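Under my numbering, think of the first position of the sequence shown as 24, with each following residue one higher.
Using N, Cα and C, we set each Cβ at its ideal position, and we do this for glycine too.
In this text the structure is predicted, and so the values were computed from the model without any measurement.
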Amino acid sequence: MELYELSIQTAHKLLKQKKISSLELTRAVLERIQSVEPKVQAYITVAADAAMEQAEFADQAISRGNMTGLTGIPLAIKDLICTRGLRTTCASKILENFIPPYDATVIEKLKEAGAVIVGKANMDEFAMGSSTENSGIQLTRNPWDLKRIPGGSSGGSAAAVAAGMCLGALGSDTGGSIRQPASHCGVVGMKPTYGRVSRYGLVAFASSLDQIGPMAKDVTDCAVLMKTIAGYDEKDSTSVPLEVPDYTDFLKNGLKKITVGIPKEYHAAEGIDPEVAAAVKNAVGVIENLGAECVEVSLPHTKHCVAVYYVIAPSEAGSNLARYDGVRYGSRNKDTRNLIEMYRNTRARGFGMEVQRRIILGTYALSAGYYDAYYKKASQVRTLILEDFKKAFETCDVILSPVAPTPAFTIGEMIEDPLTMYLSDIFTISANLAGIPGISVPCGFSSDGLPIGLQIMGKHFNEETIFQTAYNFEQATDFHKKKPGL
Ligand code: GLN
């Protein structure tokens, strides 16, 4: 096995036993990037020198016996999480040269833990999209089939993990952007409960939906990353002061006492690919065989999720993106005669088409006369969606569903059809609207050899039960062991 293929927990063991050094591990990952990145293009920025420096520090810490589960481990960071001194673009022309003067809280935590940051991963511009094709910088390809999208918006992070160009990564999830690319790239990705992980230093897309979360090769690695990044932060007023459990402690508990809910609306959803449906059905069977009890639950407002999301998310985005005006933030367009033209050109040339579409949608939905009809109504239905989950969780501990209705589609297939693209978020969006946690774990392959993910959603702040269910499923199956042949 090559060093870049190691899981985080195996690399940790080898580092601890001094069988490998972080310098060797980091060098192996950087060489892997050199060899496959020209095909995959997962990174906007590779910080090779800084990574080698961090690796050296990590080795020194290890030799002093000062080590966490992440010391010396090379990671990728989605390029909308601020990294001090390291360019953070949000995959947008408007922030192409932005170098943050501070670290996001999650980055501070990773650095404290001794992790090595290899680079910044590509994404849909400002996290708007489901394929990473909306990046204003470059096109990322799915390591399993280079003609296909890696999913989005955290497509760079997912592709980097799948291709062995890092051992783990951080993404962000506003409507599915961690889980969906994890599913399409055959890796594990968790969207934590809203408020579990600090958003300080995460460039805002839709503030009431955004969450940072871990992506990795397996469930244990995800749990290790999650433990490090979670927790209360006084710099984020929506973060919640709750104790963070050691998620790895729960993994080995069996499923005998777990009740899983199967939402009838999800499995009857239109447009779901038969191979995806079959893989998820098989996964439910595996989990049942492991001793879990299965019950049917109902989430009757599921059919409104996409509509509600595409009012609320653009409304918040329109407000959040007002700051990129060439004065407060964003590279200013110089080719202008007056102030109004400067604003107009800066925003028209700095933002890509999808971002402009969302700003227009959001501005419309919040305008006087339409606010009550759209934004207020959407907020009310959002509450009903949350009530659906609360009711369902009275009879079960976790809920199972597909992550995406189809495996990864081909590049260009949906880009001209934003509505169909929006519908591909149908299974993931509701967790963000309700604020609950969810994970994607590999559960099969299509006949074309494309990965398929199973979604496990849980109660607020009950990530441990999700990890436990996902781990037991993973141990009973081999899907996570297969690697793309790059
Ligand atoms: N695909 C969804 C969107 O385009 C979700 C994106 C996300 O989670 N950041 O908004």
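- A straight-line Cα-Cα distance of about 19 Å links ILE382 and GLU119.
- The alpha carbon of ALA227 has as its nearest neighbour, out of VAL318, ALA340, TYR217, CYS208, the alpha carbon of ALA340.
- Of the candidates ASN485, TYR445, GLY461, TYR217, the residue whose Cα lies closest to the Cα of GLY175 is TYR445.
- Listed by position along the chain, the residues with Cβ atoms less than 6 Å from a non-hydrogen atom of ligand 1 are ALA150, MET151, GLY152, SER153, SER176, ASP196, THR197, GLY198, GLY199, SER200, PHE228, ALA336, ASP448.
- In this structure, the beta-carbon distance from SER354 to GLY373 falls below 8 Å.
- Counting other Cβ atoms within 10 Å of its Cβ, ASP420 reaches 16 or more and is therefore classed as buried.
- Here ILE489 is not near GLY476, since their CB atoms are 8 Å or more apart.
- Within the model, the alpha-carbon separation for ALA336 versus GLY385 is close to 8 Å.
- In this structure, the straight-line span from the alpha carbon of SER469 to that of TYR125 is close to 43 Å.
- The three-state reading of DSSP puts LEU225 in strand, counting E and B together.
- ILE122 is classed as exposed because its beta carbon has fewer than 16 other beta carbons within 10 Å across all chains shown.
- Scanning its chain for C-beta atoms nearer than 7 Å, with the 5 sequence neighbours on each side dropped, one finds around CYS317 the residues VAL283, ILE285, VAL307, GLU311, in chain order.
- In summary, ASP196 is buried, with 16 or more beta-carbon neighbours lying within 10 Å of its beta-carbon over all protein chains present.
- Pairing GLU319 with LYS287 gives a Cβ-Cβ distance under 8 Å.
- The residue among ASP82, THR243, GLY178 with its C-alpha nearest the C-alpha of THR492 is THR243.
- In the DSSP assignment, PRO124 falls outside any alpha helix (DSSP H), carrying neither H nor E.
- Going by C-alpha positions, ASP348 is about 37 Å away from CYS245.
- Between the alpha carbons of MET75 and PRO166 lies a distance of about 25 Å.
- Here the C-alpha atom of SER45 lies approximately 10 Å from the C-alpha atom of HIS35.
- Nearest in C-alpha terms to ASP72, of all of GLY199, VAL220, PHE450, LEU109, is LEU109.
- Of THR369, GLY88, ALA65, the smallest CA-CA separation from ALA185 is found for ALA65.
- The continuous stretches of alpha helix (DSSP H) do not include ALA239, which lies in the beta strand (DSSP E) extending over residues 234-239.
- The stretch 410-429 makes contact with the stretch 191-208: 3 or more CB pairs, one atom from each, lie closer than 8 Å.
- Put simply, the stretch 78-91 does not touch the stretch 186-193. Fewer than three CB pairs are less than 8 Å apart.
- If you draw a straight line from the Cα of GLU439 to the Cα of ALA138, it comes to about 40 Å.
- For LEU362 and GLN403, the gap between their C-alpha atoms comes out near 39 Å.
- The residue from ASP102, ILE43, THR68, GLU47 with its alpha-carbon nearest to that of GLY224 is ASP102.
- The closest CA to that of ASP256, considering only GLU131, GLU377, GLY152, is found on GLU131.
- Between PHE502 and ALA457, the C-beta gap is not smaller than 8 Å, which leaves the two residues out of contact.
- For the 8 Å CB-CB criterion, ALA144 and ILE100 form a contact.
- Rounded to whole angstroms, the gap between the alpha carbons of LYS326 and VAL334 is 14 Å.
- Between LEU442 and PHE149, the beta carbon gap of about 19 Å keeps them out of contact (Cβ cut-off 8 Å).
- Residue MET213 holds the alpha-carbon nearest to the alpha-carbon of GLY236 among MET213, GLY218, SER221.
- Among the bridge pairs identified by DSSP, ILE479 is matched with LEU423, ILE462.
- Annotated three-state conformation of ASP358 is coil, per DSSP.
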